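Here the structure is laid out as structure tokens; the discussion comes afterwards.
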Amino acid sequence: MFANTQGGAMSMAMPDICKFPTPSPAGPIPTPMPYPNMAMSTMAVPNFTKWMILGMPVHNLGTTITMTSGDEPGVLGGVVSNMIKGPCKHLKGSTKVLAGGMPVTRMLDQTGQNGAAPNAMGTTMKPAQTKVMIMS
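Residues 0 to 135, numbered by numbering that gives the first Met the number 0, are exactly what the sequence shown covers, in order.
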């Protein structure tokens, strides 16, 4: 699979179950609703900048995407994380290729999105680049 970099990969998770305030005579009722959750690698904070692919830092398991989008209507937060627009981290990476002592992440690797305790599990669906592949 293609290596992830700062160059515009997109991770997506569905459903991200967030609480939406449903109006009622007794006041708003928090109602769980499914939303998409998307994270762009251009918003990431890379922790290793010595390897570049097409001029962009390579991402490893220590890289955090600080903000996601798509779940903004669930203003009362995620069911698990109690957050909206929370961070995204890769949970899986290469077993053989390391950058800065941590596994390099690839397209289709699993992500945890919208919080430290992930509210939604996703995957990197759009590649950041199409030149370098990591096959392990």
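Glycine residues also receive a C-beta, built at the ideal position from the N, C-alpha and C atoms.
These numbers were taken from a predicted model, which means no experiment stands behind them.
Margin query: From the DSSP secondary-structure annotation, give me the bridge partner or partners of Q5.
Written below: None, per the DSSP bridge assignment.
Checklist line | Start-to-end residues for the beta strand (DSSP E) that takes in P33 | finding: 28-39
Margin query: If I measure Cβ to Cβ from W136 and keep anything under 6 Å in the same chain, skipping five residues before and after, which residues do I get?
Written below: This structure gives no information on residue 136, because the portion of the chain shown stretches from 0 to 135.
Next item on the list: Let me know the secondary structure DSSP gives M51 once reduced to three states.
Entry: strand
Check: Helix, strand or coil: which one does DSSP assign to M42?
Finding: helix
Check: Terminal residues of the continuous beta strand (DSSP E) containing G69?
Finding: Per DSSP, G69 belongs to no beta strand (DSSP E) and is neither H nor E.
Notebook entry, point to check: In whole angstroms, what is the alpha-carbon distance linking A38 and S23?
Noted result: 33 Å
Margin query: Rounded to whole angstroms, what is the Cα-Cα separation between Y64 and S40?
Written below: A small fix is needed here, since residue 64 is Ile in this sequence, not Tyr. Taking the straight line from one Cα to the other gives about 6 Å.
Note to self: Which same chain residues end up closer than 8 Å to S135 when comparing Cβ atoms and leaving out the 5 residues on each side of it in sequence?
What the structure shows: S93, T94, K95, V96
Check: Quick one: what does DSSP say A127 is sitting in, helix, strand or coil?
Finding: coil
Margin query: Using a Cβ-Cβ cutoff of less than 6 Å, which residues in the same chain neighbour V79 once the five nearest sequence positions on both sides are dropped?
Written below: A116, N118
Check: So which of P27, Q109, G77, I52 has the shortest CA-CA distance to K130?
Finding: I52
Check: Can you give the Cα-Cα distance for F47 and G100, rounded to whole angstroms?
Finding: 9 Å
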